[in-house]
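Asks:
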Amino acid sequence: MLQFLKYVLATVVGLILFAIVSVFILVGIAAAVGSSEDTTVLKDNSVLKLDLNHAIEENVSDDENPFKDLGGPFMDSNESIGMVQIREALKRAAADSHIKGIYLQAHYPQAGYAQLEEIRNALLAFKKSGKFIYSYGESFTEKGYYVTSVSDKIYLNPAGGLDFNGISAEVSFYKGALDKLDIKPVVFRVGEYKSAVEPYLRENMSDANKAQYSTLLNSINNHIFEQISASRNVDVATLKKVADELLAYKPKGALAAKLVTDVGYYDEFEADFKKTLKKESESKIDFVNLSKFLKADSAIPFNDTQNKIAVIVGEGAIIGSKADKGNIGSDDWVAELRKARDDKKVKAIVLRIDSPGGSSLASDVMWREVVLARKVKPVIASMADYAASGGYYMAMAADTIVAEPTTITGSIGIFAQFFNFENFLKNKLGITNDRVNTNAHSDFPTVTREMTDFEKDWFQRSVDAGYETFTSKAAKGRKMSIEKLKSLAGGHVWSGIEAKSNGLVDVLGGLEDAIKIAAKKAKLKEGDYKARFYPQPKSFFEEIFDKKEDAVQAKIMKAQFGELAPYVKQIQDLKAREGLMTLMPEVIEFK
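Here our numbering is used: position 519 in the sequence shown is 507, and no number is missing along the way.
(1) Who are Arg340's beta bridge partners in DSSP?
(2) Measure from the alpha carbon of Val248 to the alpha carbon of each residue in Tyr124, Lys119, Glu471 and Ala506, then state which is nearest.
(3) Return the first residue and the last residue of the beta strand (DSSP E) that Arg177 is part of.
(4) Would you kindly report the start and end of the unbroken alpha helix (DSSP H) that includes Ala519?
(5) How is Gln294 classed by DSSP in three states: helix, strand or coil?
(6) For Phe120, which of helix, strand or coil comes out of DSSP?
(7) Nearest to Leu413 by CA position, among Ile107, Asp50, Asp501 and Leu169, is which residue?
(8) For Leu144, which beta-bridge partners are listed by DSSP?
(9) How many whole angstroms separate the CB atoms of Ser217 and Leu227, which I take to be in contact at a CB cut-off of 8 angstroms?
(10) Just checking my contact of Asp494 with Thr388 at CB under 8 angstroms: how many whole Å lie between their CB atoms?
(11) So, Ala361 versus Arg340, is the Cβ gap smaller than 7 angstroms?
(12) Applying the 10 Å Cβ sphere with the 16-neighbour rule, what's the burial state of Tyr522?
(13) Mapping the DSSP letters down to three states, classify Asp32 as helix, strand or coil.
(14) Tell me, please, which residues DSSP counts as bridged to Val495.
(15) Could you give the residue range of the alpha helix (DSSP H) that holds Asn490?
(16) I think Lys88 touches Ser139, with their Cβ atoms under 8 angstroms apart; what is that distance to the nearest whole Å?
(17) Go through the stretch 218 to 284 residue by residue and report every complete run of the alpha helix (DSSP H) that reaches 4 residues or more, in order.
(18) Could you tell me if Ile288 is buried or exposed, where buried requires 16 or more neighbouring beta carbons within 10 angstroms of its beta carbon?
(19) Buried or exposed, going by whether 16 or more other CB atoms sit within 10 Å of the CB of Leu(-10)?
(20) For the stretch 181 to 190 and the stretch 154 to 168, state whether three or more C-beta atom pairs, one from each stretch, are separated by less than 8 angstroms.
(21) Looking at the structure shown, is Phe409 part of a helix, part of a strand, or coil, going by DSSP?
(22) My output table needs one value for Phe(-8): the three-state DSSP class, helix, strand or coil.
(23) To the nearest angstrom, report how far apart Ile212 and Leu282 are at their CA atoms.
(24) First and last residue of the beta strand (DSSP E) that includes Leu92?
(25) So, is Ser318 buried or exposed, given that buried needs 16 or more other C-beta atoms within 10 angstroms?
(26) Distance, Cα to Cα, Thr27 vs Ala199?
(27) Taking the alpha carbon of Gly252 as the point to measure from, which residue in Val481, Leu144 and Gln73 has its own alpha carbon closest?
(28) Per DSSP, what kind of secondary structure is Val481 in: helix, strand or coil?
(29) Specify whether the stretch 234 to 249 and the stretch 502 to 510 touch according to this definition: at least 3 beta carbon pairs, one from each stretch, less than 8 angstroms apart.
(30) Output yes or no for whether 7 angstroms exceeds the beta carbon distance between Asn408 and Glu438.
(31) At the level of alpha carbons, what is the spacing between Gln73 and Ser370?
(32) Confirm, please, whether the CB-CB distance from Ile402 to Ser348 is below 7 angstroms.
(33) Which whole-angstrom value describes the C-beta separation of Tyr181 and Gly515, a residue pair presumed to lie in contact below a C-beta threshold of 8 angstroms?
(34) To the nearest angstrom, how far is it from the Cα of Leu417 to the Cα of Pro173?
(35) Pull the bridge partners of Leu150 from the DSSP assignment, please.
(36) Distance, Cα to Cα, Asp151 vs Tyr96?
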């Protein structure tokens, strides 16, 4: 009866959520009908307002949230913006005579350094049009300032601050928590640097892992300082001194270090802006945001060519054949690649990869499809923030691999990880298990008993074989000896700069560079092709349904497990990491 009532509760919750969503859809459809035909009419002397203070994805739907003007719970404060849309807007703004410049807002962009470098390079390309970029901020994060440093004028609020002290990486370790919960990790790995399992075995970083991340961070940090140096006309040695002594943290210090051009409030920034636009002090600045600007007629002539460069996007961890939002499933990704391979209008393929890796099996399935596609047409890999371990596996069969200098890549290695929950279930929850087998290992693998020595040896041999497969395929794809490849493998993580130097990457650059290389290999002339991105991003209402489905699942778990629901969810997340994995060290928090 209790179980029946739990499922009734979950069903009722689902019906209520469905009713709410239905109302949203009806309102949204009405709003969409009213706005779908709206075309933005740009005024002379307009300014593109580019707000990067959002989560930045590769591609997002053109649909706007039809409820955002209602405010309150209808406003998504963390609405994502797309790299595709940002690049397109900057190209069009440079060519549009109505747009006089950009008001850049990049206080705390939620993206990695490689993505931000692509945006930064696009802003530098925009400046070649002779138009200005102005920025104002009450404060700037390290990443935010990196992008903002291209601006002609940078205003910092007198009471604000500038986070300019270099970058660091922080890893969380869970061994102490697992010990307290009586959960025992069982780990098999190859490679001194394959440290993805360290958080479950240690309470701090190993010497090898600390050494590789020290090299990685210094490579990235030096590159960032060199770029800021060129934009602000401040030598790198001075920038390092400013960072070491925290001289730019206070506005006056940032001004003295020439990292900002002005210290002032928004009204002072706005007055300066109006002078540049030759506007009266009482008049308003005609700002147009990203989504509105993209609805205006483009100043760039329409390209009616039938030749396409297909850009297949893979973002997130590789979690198996099917994946949810934010992760890669091999079935869906392979389906898009096959369609591009078989489409005669697609002359070349670019794999846009932003992944720390994941399932070894799914990675190998995708690798095979890249090999098959390459037999038909050129395939170029473009690495974003991450293309490590399984992410590198996806790229290594491509004709050419392109990475940003700050891309995190490599981590060529493999591991298997399981968790023994026997003592947790017995000592913490009072649950015990017993079994009857027909053969010696009928229940293998299981999370409710300790593995035997035979089973552990079997798994280690499987991991060793997986590593040989990974490294041999990588060596073949990179056209280097297996000995050379293995010297770069072992789970070692590299920056794009390092990977270019050691041969794991061919070209330093962004997605636009990869597309140009693909076109050249397909013997297409400039202007005789257009890039098309796949898969198509989900619409606003599809995203709403996904979120509501997640909410229903959470309610069901709450009904089933009560106060234990959060802990059950954590155990499920741990179990998702079981089996053979090609995954880089735990997600690194850059600060």
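Note that CB positions come from ideal geometry on N, CA and C, so glycine has one too.
Replies: Here's the rundown:
(1) Here residue 340 corresponds to residue number 352 of the sequence shown, with the count starting at 1. Paired residue(s): Val301 and Ser370.
(2) Sequence index remark: in the sequence shown, residue 248 carries index 260 (1-based). Looking at the Cα atoms, Tyr124 is the closest of the given residues.
(3) To locate residue 177, count along the sequence shown from 1; it is residue 189. Start and end: Lys172 to Val178.
(4) As a position in the sequence shown, residue 519 is number 531, starting the count at 1. Counting along the chain, Ala519 falls outside any alpha helix (DSSP H), though it belongs to the beta strand (DSSP E) covering Lys518 to Tyr522.
(5) Position 306 of the sequence shown, counted from the start, is the residue given in the question as residue 294. In the structure shown, Gln294 sits in coil (DSSP, three-state: anything other than H, G, I, E or B).
(6) Residue 120 sits at position 132 when you count from the first residue of the sequence shown. Phe120: strand per DSSP, three-state reduction.
(7) One-based indexing of the sequence shown puts residue 413 at position 425. Considering only alpha carbons, the answer is Leu169.
(8) For the purposes of this step, residue 144 is taken as residue 156 along the sequence shown, with counting starting at 1. Answer is Gly125 and Val251, bridged to Leu144.
(9) By 1-based counting over the sequence shown, the position of residue 217 is 229. By 1-based counting over the sequence shown, the position of residue 227 is 239. Contact holds; Cβ gap of about 6 angstroms.
(10) Here residue 494 corresponds to residue number 506 of the sequence shown, with the count starting at 1. Here residue 388 corresponds to residue number 400 of the sequence shown, with the count starting at 1. Correct: roughly 5 angstroms between the Cβ atoms.
(11) Translated into positions along the sequence shown, residue 361 becomes position 373. Translated into positions along the sequence shown, residue 340 becomes position 352. No; because the gap between Cβ atoms is not below 7 angstroms, this pair is not in contact.
(12) Position 534 of the sequence shown, counting from 1, holds the residue named residue 522. Burial check for Tyr522: the Cβ neighbour count within 10 Å reaches 16 or more, so the residue is buried.
(13) Reading the sequence shown from its first residue, position 44 is the one you call residue 32. Three-state DSSP puts Asp32 in coil, outside helix and strand.
(14) Stepping through the sequence shown from its first residue, residue 495 is reached at position 507. According to the DSSP secondary-structure assignment, Val495 is paired through a beta bridge with Val390.
(15) Residue numbering aside, residue 490 sits at position 502 when the sequence shown is read from its first letter. Per DSSP, Asn490 belongs to the alpha helix (DSSP H) from Gly484 to Asn490.
(16) Mapped onto the sequence shown, residue 88 falls at position 100. Mapped onto the sequence shown, residue 139 falls at position 151. Not a contact, Cβ separation roughly 15 angstroms.
(17) 224 to 232, 239 to 244, 254 to 265 and 278 to 281
(18) If you number the sequence shown from 1, residue 288 lands on position 300. That one is exposed.
(19) In the sequence shown, the residue the question calls residue -10 occupies position 2. The pLDDT assigned to Leu(-10) is 45, lower than 50, so where the model puts this residue is not dependable, and the model offers no usable value.
(20) Segments in contact, yes.
(21) Against the sequence shown, residue 409 aligns to sequence position 421. Here Phe409 sits in coil by DSSP.
(22) Position 4 of the sequence shown, counted from the first residue, corresponds to residue -8. Any reading at Phe(-8) needs caution, since the residue's pLDDT is 47, under 50, leaving its predicted position unreliable; the model's value is listed next. Residue state, collapsed to three classes: helix.
(23) Here residue 212 refers to the residue found at position 224 when the sequence shown is read from its first residue. Here residue 282 refers to the residue found at position 294 when the sequence shown is read from its first residue. Cα to Cα, the separation comes out at about 30 angstroms.
(24) For the purposes of this step, residue 92 is taken as the residue at position 104 of the sequence shown. Run containing Leu92: Ile87 to Gln93, per the beta strand (DSSP E) assignment.
(25) Taking the first residue of the sequence shown as 1, we reach residue 318 at position 330. Burial call: buried.
(26) Counting from one through the sequence shown, the residue named residue 27 turns up at place 39. Counting from one through the sequence shown, the residue named residue 199 turns up at place 211. Looking at the two C-alpha atoms, the distance is approximately 54 angstroms.
(27) Counting from 1 along the sequence shown, the entry for residue 252 is found at position 264. Out of Val481, Leu144 and Gln73, Leu144 has the C-alpha closest to the C-alpha of Gly252.
(28) Residue 481 sits at position 493 when you count from the first residue of the sequence shown. Correct three-state label for Val481: strand.
(29) no
(30) Taking the sequence shown and counting its residues from 1, one reaches residue 408 at position 420. Taking the sequence shown and counting its residues from 1, one reaches residue 438 at position 450. Going by C-beta atoms, Asn408 is nearer than 7 angstroms to Glu438.
(31) Here residue 73 refers to the residue found at position 85 of the sequence shown. Here residue 370 refers to the residue found at position 382 of the sequence shown. For Gln73 and Ser370, the distance between alpha carbons rounds to 18 angstroms.
(32) Along the sequence shown, read from residue 1 onward, the residue named residue 348 stands at position 360. Along the sequence shown, read from residue 1 onward, the residue named residue 402 stands at position 414. The answer is yes: Cβ separation under 7 angstroms.
(33) Working through the sequence shown from its first residue, we reach residue 181 at position 193. Working through the sequence shown from its first residue, we reach residue 515 at position 527. That belief does not hold up - the Cβ atoms of Tyr181 and Gly515 are roughly 45 angstroms apart, past 8 angstroms.
(34) Taking the first residue of the sequence shown as position 1, residue 417 is located at position 429. Taking the first residue of the sequence shown as position 1, residue 173 is located at position 185. Approximately 19 angstroms between the Cα atoms of the pair.
(35) Against the sequence shown, residue 150 aligns to sequence position 162. Phe128, per the DSSP bridge assignment.
(36) Locating residue 151 in the sequence shown gives position 163, where the first residue counts as 1. Locating residue 96 in the sequence shown gives position 108, where the first residue counts as 1. If I take the Cα positions, the gap works out to 11 angstroms.
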